[in-house]
Amino acid sequence: MTTIAILQLVTIATLAAVIYLVQRNRFIVDIQRVADLLTAQLLADYGQDLWMLDERGISGYVRTKYMQMATEWGFPSAAVDRVTSLVGEAIKTAQGDSQPQTVGKGNPFYE
């Protein structure tokens with residue numbers, strides 16, 4: 198069998214599996230992609246204030262958003278822990294050396 202024939206068989210088998218799942222009202226969900234989207238949304242919401250986020254805040258935010266998506270789109274609710282851990286790891290990496298923005302010396306409010 199040539200490489201092209203093998204690729205064609207794999208493609209046909211993949212399509213058959215997807216069609217079977219769709220017919221049964223079951224879908225394949227890329228959990229990593231969902232976690233990436235939630236991370237991007239969290240980063241957009243908090244921007245420069247990442248230093249304020251702690252584990253509980255991140256977990257609550259992600260769990261709430263994911264369960265809303267699970268209810269609305271039928272995502273598997275059992276994946277909430279995995280998505281939460283993926284987003285938590287990504288945010289911790291993004292926080293890195295994030296520091297609070299402090300008032301600079303010489304601000305008239307404090308003089």
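Using my numbering, the first residue of the sequence shown is number 198, and each one after it goes up by one. Glycine is no exception: its CB is placed at the ideal position from the N, C-alpha and C atoms.
- Taking the C-beta atoms as reference points, Met-264 is found no nearer than 8 Å to Val-284.
- Distances from the alpha-carbon of Val-226 to those of Thr-261, Ile-255, Arg-279 and Asp-251 put Arg-279 closest.
- With respect to the 8 Å criterion, Thr-281 and Val-259 are classified as neighbours on the basis of their beta carbons.
- Here Leu-240 is exposed. Its C-beta has fewer than 16 other C-beta atoms within 10 Å.
- For Ala-291, the uninterrupted alpha helix (DSSP H) segment begins and ends at 277 to 292.
- Excluding its 5 nearest sequence neighbours in each direction, Ile-228 has C-beta neighbours in its own chain below 8 Å: Ala-276, Arg-279, Val-280 and Leu-283, listed in chain order.
- Within the same chain, Cβ atoms closer than 8 Å to the Cβ of Gln-238 are found at Lys-262, the five residues on either side in sequence being excluded.
- Annotation for Ser-274: no alpha helix (DSSP H) segment contains it, and DSSP assigns it neither H nor E.
- Counted as a single uninterrupted DSSP element, the alpha helix (DSSP H) harbouring Asp-242 occupies residues 228 to 243.
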